[in-house]
Amino acid sequence: ATAAVAMMTSLASAAPTIDNWKPPSEATIADTESKSFDYDWESLSFPPPKGEAGTKDWTKLSPQGKTWRFNLREAGKKAAELDTLVRSSLKSQGWEVLTPSSTIVARRAVGTKTEWFKGSPFNDYVGCVVVLEIDPPHALTLVEPKAAIETFGDTDDFPYLSHFPGAKLLKTQASVTDTFIGSASGVKPETVAGPPTVTKFYQLGPGYAPLELVTLYKAALEKTGWTVVHTAIGGDGLVVAHYAKNGRDIFAYIHDGSIKVADVGAQNEAKKLADALDKDGHIAIYGIYFDVDKDVLKPESETALKHIQDLLTKNPKLSLEIQGHTDDTGDAAHNQTLSDDRAASVKKWLIEKGIATARMKTKGYGATKPIGDNKTVEGRAKNRRVELAKI
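FYI, the working numbering numbers position 216 of the sequence shown as 869, with every residue one higher than the one before it.
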């Protein structure tokens, strides 16, 4: 057992509780296969103790905290032999073994915390996970986007999206063609954010765990007024969020070592709209959101609508045709009616804000004037739009 203890001791700095668990027989931890995570999780399933509620149903938990993953190896031992050895070793060290057979699940108290063990025996090794339940080891504080659009450089974080603790900014990349899905998984039709986008790439520090990234950003974003529309945790971490308050309309896509932003509201500023109309005579407006297959404006449309109001207020001689456009999904007649009604809803909102009716007319074009490929998600999203045209 000397080699086994030595292997255990070598993990002491990363795994302060594992080194106290003496491996069974001559088993050793395969050091090259061991991994430590500051904050990770594991799914566990075990029958509840007798006398507790729901004794017919298995308890399913996903404890989160300091996590170690490793393989416990012993040459020449079959899975059944290793199962017996590991269960015996766990019990001798004060663990409560919760499963009678198959996957080994055990727990024990470590001070005021609970530590969990999960082991899957195979021939000559056991795949092991140990989780010590703790709060996230890092902290993340964000500031809410301001009413005035912030300025920042290539070597700066986004003013309202700080980097993950310990990360180092590597580069900033702007794109006039890039997009990303800004809606929850499975939601139809999808919301596509951008173009343009700005992406900041970071080098993550040691001990990074996708679960902690999702946990920290979700809490910090919601605290500063963002709506978190989608998260995913696997081999990587993903958070998609939307900020539609304070006169702003921003989408964020946070994925491991990158943060991508599409500032929709910034693209709709009155001066930019006026310049585009002078140059091209028309402009597509994104950031006007409707209920699915309806002409009902969503509250988060207000930022884009206020920019149009501002445009018309600052340019009193300007008259506009407000155009509704759809993708080619569904019946052509229905799309025509929908595009008519959506354009009318925008006009109605502007009239209620004091813009003269005579300065605006509306027209729906259905799916007859696509600007994107209707065979792709991004193309269909571009085609679902409101346009302004000078008249």
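Cβ coordinates follow ideal geometry from the N, Cα and C atoms, glycine included. Predicted model, so just to flag it, every value in this text is computed and none were measured.
Range of the contiguous beta strand (DSSP E) that encloses residue i
i, result
"residue 829", "Residue 829 -> no beta strand (DSSP E), and no H or E assigned at all."
"residue 1002", "Run containing residue 1002: none in the beta strand (DSSP E); it sits in the alpha helix (DSSP H), 985-1005."
"residue 975", "973-978"
"residue 698", "697-699"
"residue 1040", "1038-1043"
"residue 1050", "Past the boundaries of the shown model lies residue 1050; the chain is included only from 654 to 1044, so the question cannot be answered."
"residue 884", "880-886"
"residue 758", "757-763"
"residue 712", "712-714"
Beta carbon proximity, residue i to chain D, threshold 7 Å
i, result
"residue 914", "Here chain D cannot be found, since the structure has a single protein chain."
CB contact flag (residue i, residue j, <7 Å)
i, j, result
"residue 908", "residue 855", "no"
"residue 779", "residue 739", "yes"
"residue 1017", "residue 977", "yes"
"residue 930", "residue 1043", "yes"
"residue 896", "residue 812", "no"
"residue 906", "residue 833", "yes"
"residue 960", "residue 988", "no"
"residue 943", "residue 1012", "no"
"residue 846", "residue 923", "no"
"residue 652", "residue 865", "For residue 652 there is no data in the structure shown, the boundaries of the chain being 654 and 1044."
"residue 793", "residue 919", "no"
"residue 1025", "residue 1035", "yes"
"residue 998", "residue 950", "yes"
"residue 838", "residue 883", "yes"
"residue 890", "residue 867", "yes"
"residue 745", "residue 721", "no"
"residue 981", "residue 1027", "yes"
"residue 913", "residue 825", "no"
"residue 1006", "residue 974", "no"
"residue 748", "residue 762", "no"
"residue 911", "residue 852", "yes"
"residue 691", "residue 790", "yes"
Whole-Å CB distance - residue i paired with residue j, under 8 Å assumed
i, j, result
"residue 956", "residue 901", "6 Å"
"residue 802", "residue 719", "Going by Cβ atoms, the distance from residue 802 to residue 719 rounds to 41 Å, so no, they are not a contact pair."
"residue 732", "residue 775", "5 Å"
Which residues DSSP lists as bridging residue i, in chain order
i, result
"residue 721", "689 and 783"
"residue 911", "854 and 908"
"residue 773", "780"
"residue 822", "855"
"residue 748", "Paired residue(s): none; residue 748 is not in a bridge."
"residue 903", "896 and 916"
"residue 1046", "Since the first residue shown for the chain is 654 and the last is 1044, residue 1046 is missing from the structure and cannot be characterised."
"residue 837", "Partner(s): none; residue 837 has no beta bridge."
"residue 796", "DSSP, once it has assigned bridges, lists no residue as partnering residue 796."
Residue i: first and last residue of the uninterrupted alpha helix (DSSP H) it sits in
i, result
"residue 941", "Residue 941 -> no alpha helix (DSSP H), and no H or E assigned at all."
"residue 891", "Here residue 891 belongs to no alpha helix (DSSP H); instead the beta strand (DSSP E) covers 890-896."
"residue 740", "732-745"
"residue 961", "955-967"
"residue 929", "923-933"
"residue 863", "863-876"
Residue i beta carbon near the ligand NAP (any heavy atom closer than 6 Å)
i, result
"residue 929", "Because no ligand of any kind appears in the structure shown, any question about the ligand NAP cannot be addressed here."
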